[in-house]
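Trainee: If you read the sequence shown in full-length UniProt numbering, its first letter stands for residue 1, the second for the next number, and so on.
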Amino acid sequence: MKASSEVERQRWVTALELAKAKAVKMLAESDESGDEESVSQTDKTELQNTLRTLSSKVEDLSTCNDLIAKHGTALQRSLSELETLKLPAESNEKIKQINERATLFRITSNAMINVSVLSPPLRFCLCSKEKRSGMLK
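Listed below in structure tokens is the structure:
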């Protein structure tokens with residue numbers, strides 16, 4: 001799944017952040033109560049659905065990241081091939097500038113995917129909580 005614009009991408013990121021915060025808050029409230037049985041079935045179902053949605057979105061983001069990386073590599077390869085051609089010095093400077101921008105784009109894309117996904121310790125924590133509370137079937 002790919003956002004068609006920066007605004008749509010930002011909406012996805014915001015929705016993911018809100019869902020993540022809600023899931024973490026619900027887990028924290030569950031921990032504070034000390035009694036996992038007091039969590040209603042509705043809350044468990046809502047948390048389970050939120051986690052499924054988050055997992056799906058993380059998978060979508062990873063797919064997009066893979067595509068961006070693939071296309072970025074192809075773009076940089078093409079630019080490198082252009083640099084080897086005998087072109088006027090002015091053209092080579094422009095190609096180098098474009099190559100640098102492509103590199104920055106790939107770095108930014110990788111940073112975006114790294115910040116958008118749940119960190120491994122949090123993922124482990126969420127999964128462990130689900131298993132302990134009997135939410136995973």
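Where is the CB? At the ideal position from N, CA and C, for every residue including glycine.
Model, not experiment: these values are computed from the prediction.
1) Return yes when the Cβ of I68 is within less than 8 angstroms of the Cβ of S4, no when it is not.
2) What does the alpha-carbon distance come out to for the pair I98 and A15?
3) Counting only runs that start and end within the region 66-116, where is the alpha helix (DSSP H) found for 4 or more residues in a row?
4) For the region 50-57 against the region 77-90, are there 3 or more C-beta pairs whose distance is under 8 angstroms?
5) When the Cα atoms are used, what is the spatial distance from V58 to A102?
6) Please state the DSSP three-state secondary structure of S40.
7) Cβ of I113 within 8 angstroms of Cβ of L61?
8) Around the Cβ of L27, are there at least 16 other Cβ atoms within 10 angstroms (buried) or fewer (exposed)?
9) Taking only three categories from DSSP, how would you classify L136?
10) If distances are taken between C-alpha atoms only, which option among T73, E81, K22, E93 comes closest to L104?
11) Is the beta carbon of K20 less than 8 angstroms from the beta carbon of L75?
12) Please state the DSSP three-state secondary structure of S56.
Mentor: Well, looking at it:
1) no
2) 33 angstroms
3) 89-116
4) no
5) Going by the C-alpha atoms only, they are around 24 angstroms apart.
6) coil
7) yes
8) buried
9) In this predicted model, L136 has a pLDDT of only 42, less than 50, meaning its place in the structure is not dependable; the value taken from the coordinates is given anyway. Correct three-state label for L136: coil.
10) T73
11) Judged by their CB atoms, K20 and L75 are not nearer to each other than the 8 angstroms cut-off.
12) helix
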